[in-house]
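Notes for the one structure printed next.
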Amino acid sequence: MTKFKYQPNHFKGTLKVPTASKMFVSTYQTTRYHISEDHNTNDILRSNYFAYFHSIASYGIILWGNSSYSRKIFTLQKRIIRIMMGAHPRTSCRELSKKLVILMIPSQYIHSLMNFLIGNQDKFLTNSSVHSINTRNKHHLHRPIANLSCFQKGASYSVIRIFNNLPQSITSLRNEKPQFKVALKNFICAHFFYYVDEFFDVQMICITDLHDSVNSYTIIRG
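Mapping to my numbering: the sequence shown position 151 is 151, numbers consecutive.
Pasting the structure below:
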C-alpha cells in the first residue's frame with residue numbers, strides 16, 4: 001500500500017491508496033489464461049480479479065478516485081485486464097472490460113459515489129429545501145458555490161455533480177435503495193464509462209437529442 005496525501009474538503013490525513021496488484025499480475029504473467037468458451041475458466045479469472053485487485057482498488061475510491069493518482073491505479077487495472085484476455089499491451093481495454101463485465105476505475109468511482117450518497121442522504125440538501133422557487137431542478141441536490149479545484153474534486157461535491165446528471169428515471173428512485181442500485185448498475189454497465197467526463201458527455205447528448213426531438217415535433221405541428 002502506498003501512502004498518499006489527499007485533502008478533499010475538510011478531510012485531512014494520510015490515505016492509503018492501493019497499488020498492490022503485483023501478486024495478481026505475476027500470477028497471470030506465468031499462466032496467461034485466454035478468455036474462452038469455458039465458463040469455468042472465465043469464472044476463475046473474474047474471481048481472482050475481484051479477490052486480488054478489486055477488493056483493494058475499490059477501498060476508499062470515493063476519496064482518491066478523482067485525483068491524479070487514480071491514473072496509476074487505472075493503468076494497473078488495464079494491464080491486468082489485458083493479461084486476463086491475452087491481449088496485446090497496447091490494446092484498448094474498453095471492449096475487453098465489457099466482455100469480462102468488469103467496471104473500469106472511472107465507472108467504479110461513479111458507482112461507489114452514488115452508493116455513498118444512498119447511504120448518507122441526510123448529509124445532502126435538495127434545491128427545494130434551500131429555496132421555495134418551483135424550478136425544474138428543485139429535486140436536484142443543492143450544489144454549493146465553490147471556486148477552489150480541491151473542493152470541486154472532493155467527494156461531497158462530486159457526489160452532487162454526478163447525481164444531478166443521472167437520468168431522472170434513476171434519481172427518482174433515491175428513496176428506494178434496492179431499485180436505485182439496480183437501475184444505477186444497469187445504467188453504468190450499459191455505457192462502461194472509460195473516463196468520468198464520458199458520463200457527463202452522455203447526459204449532454206441525451207439533452208441535445210431531447211431538444212432536437214421537441215424542435216422537430218414543433219416544426220411538424222406548425
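We put the beta carbon where it would ideally sit given N, CA and C, even for glycine.
None of the values given here were measured: they were computed from a predicted structure.
The region 71-86 and the region 95-112 touch, with three or more beta-carbon pairs separated by less than 8 angstroms. Apart from sequence neighbours up to five positions away, the residues of its chain that approach residue 200 with a beta-carbon distance below 7 angstroms are 165, ordered along the chain.
Taking every protein chain shown into account, the CB of residue 175 has fewer than 16 other CB atoms within 10 angstroms, so this residue is exposed.
Rounded to the nearest angstrom, the gap between the Cα atoms of residue 162 and residue 138 is 16 angstroms. Assignment of residue 76 by DSSP, reduced to helix, strand and coil, places it in the helix class.
Counted as a single uninterrupted DSSP element, the alpha helix (DSSP H) harbouring residue 94 occupies residues 94-100. In chain order, 62, 155, 159 place their CB closer than 8 angstroms to the CB of residue 116, counting only its own chain and leaving out the 5 sequence neighbours on each side. Under the 8 angstroms Cβ criterion, the region 137-151 does not count as touching the region 85-101, having fewer than three qualifying pairs.
Straight through space, the alpha carbons of residue 74 and residue 50 are spaced by roughly 15 angstroms.
In this structure, the beta-carbon distance from residue 111 to residue 45 does not fall below 9 angstroms. Annotated three-state conformation of residue 171 is helix, per DSSP. Collapsing the DSSP output to three states places residue 141 in a strand. Residue 126 is bridged by DSSP to 141.
Between residue 87 and residue 52, the alpha-carbon positions lie close to 20 angstroms from each other. Pairing residue 60 with residue 113 gives a Cβ-Cβ distance that is not under 9 angstroms. Remark: C-beta atoms of residue 180 and residue 170 approach each other more closely than 9 angstroms. Counting only residues of its own chain and dropping the five nearest sequence neighbours on each side, residue 118 has a CB closer than 8 angstroms to the CB of 174, 177, 180, 181.
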